[in-house]
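Data first, discussion second: the structure below is written as structure tokens.
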Amino acid sequence: MQRLLPYLGYLGIMVLAYALFASGKPMKVAGLFLVSGLAVGSLYALGGIGMVVLYRASGVLNLASGAIGALGVMVAWQLQQWGWAQPITWGVAIALAAALSLVYGRLIAPGLAWRAPVVKAVATLGFALVVLGLTAFAWEDDVRKFTLPTDKAAVMILGLRVTVTRLIVVGAAFALVAGIWLYLTKTRTGLQMRALANDRDLSAMIGVNILRVESIAWGIAGVIAGFTGLMFGDLVRLEPVVITFMVIPAVTAAICGRLDNLGLVLMGGLTMGVVESLLTLSPALKSARPVAPFLIAAVVLIVMQRGQRLLFARD
Amino acid sequence: MNTKLSAGLLAAGVLLAPGIAAASTPSCGANTGEAATGAPILIGGIHGNAAPGDFSSATDAAAAYFSCVNANGGVHGRPIEYMVENDQWNPELAARAAAKLVTDAGVVAMVGNSSFVEMSVNAPLYASSNTMAMAAGCAASECFESSNIVSTNQGPLPSSVGAAMYAVEELGATSVACIGLAIPSVGNWSCGAVEEYMASKGLSGASVLMNPAAPDVNSALLEAIASGADSMLVNLPVGLGIAYFGVAQEQDLGDVYSWTSSTPIYDASVPGALGDYWHGKVYVSAELTQIDGDGPDNLNWQAVMDAYASEDDPRDIFSQSGYLAAKFFVETLMDMDPAQLDDRAAVTDAIKAINGKTSDLVCGPYYVGEADRHMPNHAGIIVVVKDGGFEKVRDCFEYEGACFDGLIEAEKALGLR
Chain A
674 MQRLLPYLGY LGIMVLAYAL FASGKPMKVA GLFLVSGLAV GSLYALGGIG MVVLYRASGV
734 LNLASGAIGA LGVMVAWQLQ QWGWAQPITW GVAIALAAAL SLVYGRLIAP GLAWRAPVVK
794 AVATLGFALV VLGLTAFAWE DDVRKFTLPT DKAAVMILGL RVTVTRLIVV GAAFALVAGI
854 WLYLTKTRTG LQMRALANDR DLSAMIGVNI LRVESIAWGI AGVIAGFTGL MFGDLVRLEP
914 VVITFMVIPA VTAAICGRLD NLGLVLMGGL TMGVVESLLT LSPALKSARP VAPFLIAAVV
974 LIVMQRGQRL LFARD
Chain B
497 MNTKLSAGLL AAGVLLAPGI AAASTPSCGA NTGEAATGAP ILIGGIHGNA APGDFSSATD
557 AAAAYFSCVN ANGGVHGRPI EYMVENDQWN PELAARAAAK LVTDAGVVAM VGNSSFVEMS
617 VNAPLYASSN TMAMAAGCAA SECFESSNIV STNQGPLPSS VGAAMYAVEE LGATSVACIG
677 LAIPSVGNWS CGAVEEYMAS KGLSGASVLM NPAAPDVNSA LLEAIASGAD SMLVNLPVGL
737 GIAYFGVAQE QDLGDVYSWT SSTPIYDASV PGALGDYWHG KVYVSAELTQ IDGDGPDNLN
797 WQAVMDAYAS EDDPRDIFSQ SGYLAAKFFV ETLMDMDPAQ LDDRAAVTDA IKAINGKTSD
857 LVCGPYYVGE ADRHMPNHAG IIVVVKDGGF EKVRDCFEYE GACFDGLIEA EKALGLR
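These protein sequence lines map, in sequence, to chains A and B.
Those letters in the first sequence? Residues 674 to 988, by the working numbering.
Those letters in the second sequence? Residues 497 to 913, by the working numbering.
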């Protein structure tokens, strides 16, 4: 029951936000904002899940995932302009993101392995700025649009037309949580990742090949970043800077799961999206929408951290 | 005004026609074909280029025109040195850029400025240093409500009012939702004017202001729907505008509302980015005349860009605006005493004396005058997104509203009406 409490807490925040801002509104209007919030929240969650997967295995909070995803989707767009088949461009984008992530994981991250977690996180921020700079150098600011074939099909949910692309994001977020949980609990590499997450020194002493395990984690994180970049490019907008800094709400979603629990990352991301969306209905508070994710993350840190370990106390 | 306007355009055409007989041969300044020599005349320019928008096309075009002038005899034989800074949408950088140009470098004027933040920050400096800014991309109210800034573009207020007028008069709108940026003196200012216009017609209007960095455009769409409007007026920078049309398409709202937009959407790459879904549905209020127009100044702008700008520099409405500001500025310098070209006060006086310049790029006369408010360009055209491009659906018309009354009085006083 105690394990369910945080989930119920997030649900409570959503219900409270609905009662405060949407009560009295016709269900048709309130439903639109609720579903819209869930759709946006699933984007936050998707970004957060990729971060937590890597953080659990390597202790690195990868702030470069947005920039890597942005480069991937820009390359996909460019290849499509040159007439490449869409599925191939998606594959190239994801492969490029995985390769970039691996390059950092193999060449730069090991040199910082024994530094404080905050130093590791700041180093990825530097990498993000380098990748963003390269992307901005390659593609000047211009009007571009990236679309997926799934944008054309949609279903109606509570009066809102939800495209299949958005459903894929929600489905991917749930599938990633389940798939990574299975991977961590049922496979040998998953066990080694958990061992690394628990104690890197001890894991090395008992013979875990740290470089190999971390490389796999960086590769998985890169694939997720590449996929997330494609989704952001389609659903947010094809602007490298905007996609790069989607990492900020993704970090807050990751913090909602205490950089550890993927299920809570998902719930945290969805809650942020819903609260942000429902705030639009309040004339007095709608201008506070951009700070909603950070407020929720702050409340989570205060409430859930009491008497427990600190977030950046892993190493 | 229409008679004067037509006469002006005709006169401009007659005067400029010989110079642009071959569209690919630009005509600039003294048009001597000889490179200018001697000490340069120092001119500054500031644009904003960072997320969420690149407004460098105005200074790109001004730079191209100045290069063309330098290659054609310069100003009284002297070249122009055009120094351009990027404020990156950052007020601190904007202040630093202006200090560098006005205080340190000692420019005699600013030309082609195009930014969301620069003019709001630097208007007091321009006034206190007696420096005129012949801007090309004003967006905030301070830019138009300053003694020392005058712009060739309209800014979001007139452009949005023009879009709202078309929505009411031609598309049957009775309630318009204006979707703007939550930037002080920009979104509330321009969408507020739309609300006032709608109220003056006994109709209703609503402002939906969104954070420029917000990833979630859906909520702005839903807020606009919840306002009960029957017409959407998209008053956003082009990137956000495309995103807004994207989420509206997701909801299949193309035929549910009538759709208008202020100028930023008038960009050659927009119809392709919007896709077939929006063709014939989006009406755009253009601050200057058509990008593919065949007027002499428009053809010369294209020729100057082809000869002196990079291929990658956008050929958009802010580029036209930057070209026009640079052209009017050079014409003003050419009329000055050569001995006074380095005297900022004399240059400022000459700019303030500009009265009734015409061009096929703008619908009305361009003037400056001694005033605390400058908005010479407050008439425009309407184009519709069609067949991968834009098609003009309404020719030059003047915008209505109490906010233009003071300007009309000033124009009467200057003999322009």
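C-beta atoms are modelled at their ideal positions from N, C-alpha and C, and glycine is treated no differently.
Owing to the predicted nature of the structure, the values given are computational and were not obtained by experimental measurement.
Is the CB of residue i under 7 Å away from at least one CB in chain B?
i: Pro963 (chain A); result: yes
i: Val909 (chain A); result: yes
i: Thr836 (chain A); result: yes
i: Glu813 (chain A); result: yes
i: Ser738 (chain A); result: no
i: Val662 (chain A); result: Here chain A comprises residues numbered 674 to 988, so residue 662 (chain A) is not present and cannot be evaluated.
Taking buried to mean at least 16 other C-beta atoms within 10 Å of its own C-beta, is residue i buried or exposed?
i: Pro522 (chain B); result: buried
i: Leu506 (chain B); result: Note that Leu506 (chain B) scores 40 on pLDDT, short of 50, meaning its location in the model is unreliable; the coordinates nonetheless yield the value given after this. Exposed: under 16 other Cβ atoms inside 10 Å.
i: Arg811 (chain B); result: buried
i: Trp763 (chain A); result: buried
i: Glu746 (chain B); result: buried
i: Arg839 (chain A); result: buried
i: Trp585 (chain B); result: buried
i: Pro711 (chain B); result: buried
i: Ser655 (chain B); result: buried
i: Lys825 (chain A); result: exposed
i: Ala970 (chain A); result: buried
i: Lys853 (chain B); result: buried
i: Asn796 (chain B); result: buried
i: Val828 (chain A); result: exposed
i: Ser724 (chain B); result: Note that residue 724 (chain B) is Gly in the sequence shown, not Ser. Exposed: under 16 other Cβ atoms inside 10 Å.
i: Gly520 (chain B); result: Gly is not the amino acid found at residue 520 (chain B); the sequence shown has Ser there. Exposed.
Under a CB-based cut-off of 7 Å, is residue i close to chain A?
i: Gly658 (chain B); result: no
i: Ala769 (chain B); result: yes
i: Asn684 (chain B); result: no
i: Gln650 (chain B); result: no
i: Pro711 (chain B); result: yes
i: Asp772 (chain B); result: no
i: Ser765 (chain B); result: yes
According to DSSP, is residue i part of a helix, a strand, or is it coil?
i: Cys524 (chain B); result: coil
i: Val909 (chain A); result: coil
i: Ala875 (chain B); result: strand
i: Asn626 (chain B); result: coil
i: Val713 (chain B); result: coil
i: Asp550 (chain B); result: strand
i: Ile787 (chain B); result: coil
i: Ala673 (chain B); result: strand
i: Cys859 (chain B); result: coil
i: Val1008 (chain A); result: Outside the shown range of chain A (674 to 988) lies residue 1008 (chain A), about which nothing can therefore be said.
i: Tyr683 (chain A); result: helix
i: Ser686 (chain B); result: helix
i: Arg811 (chain B); result: coil
i: Ala782 (chain B); result: strand
i: Leu769 (chain A); result: helix
i: Glu692 (chain B); result: helix
i: Ala917 (chain B); result: This structure does not reach residue 917 (chain B), given that chain B is present from 497 up to 913, and the question cannot be answered.
i: Asp815 (chain A); result: coil
i: Gly721 (chain A); result: helix
i: Leu732 (chain B); result: coil
i: Arg741 (chain A); result: What sits at residue 741 (chain A) in the sequence shown is Ile, not Arg. Looking at Ile741 (chain A) - three-state DSSP - the assignment turns out to be helix.
i: Met904 (chain A); result: helix
i: Ser765 (chain B); result: coil
i: Val880 (chain B); result: strand
i: Arg913 (chain B); result: coil
i: Tyr691 (chain A); result: helix
Smallest Cα separation from residue i: which of the options?
i: Gln751 (chain A); options: A:Leu935, A:Val976 and A:Ala811; result: A:Ala811
i: Ser758 (chain B); options: B:Ser855, B:Gly876, B:Ile539 and B:Asn568; result: B:Gly876
i: Phe825 (chain B); options: B:Val800, B:Tyr862 and B:Glu807; result: B:Tyr862
i: Gly799 (chain A); options: A:Ala782, A:Thr862 and A:Asp814; result: A:Ala782
i: Ser855 (chain B); options: B:Gly529, B:Leu910 and B:Gln786; result: B:Gln786
My understanding is that residue i touches residue j, with C-beta atoms under 8 Å, so please give their C-beta distance in whole angstroms.
i: Asn644 (chain B); j: Ala623 (chain B); result: 5 Å
i: Gly720 (chain A); j: Thr944 (chain A); result: Contact flag wrong, Cβ pair sits at about 15 Å.
i: Val604 (chain B); j: Asp838 (chain B); result: 6 Å
i: Val889 (chain B); j: Val880 (chain B); result: 5 Å
i: Met801 (chain B); j: Ala557 (chain B); result: 7 Å
Given 6 Å as the limit, tell me if residue i has its C-beta closer than that to any heavy atom belonging to the ligand MN.
i: Val826 (chain B); result: Absent from the structure shown: the ligand MN. Ligands present: none.
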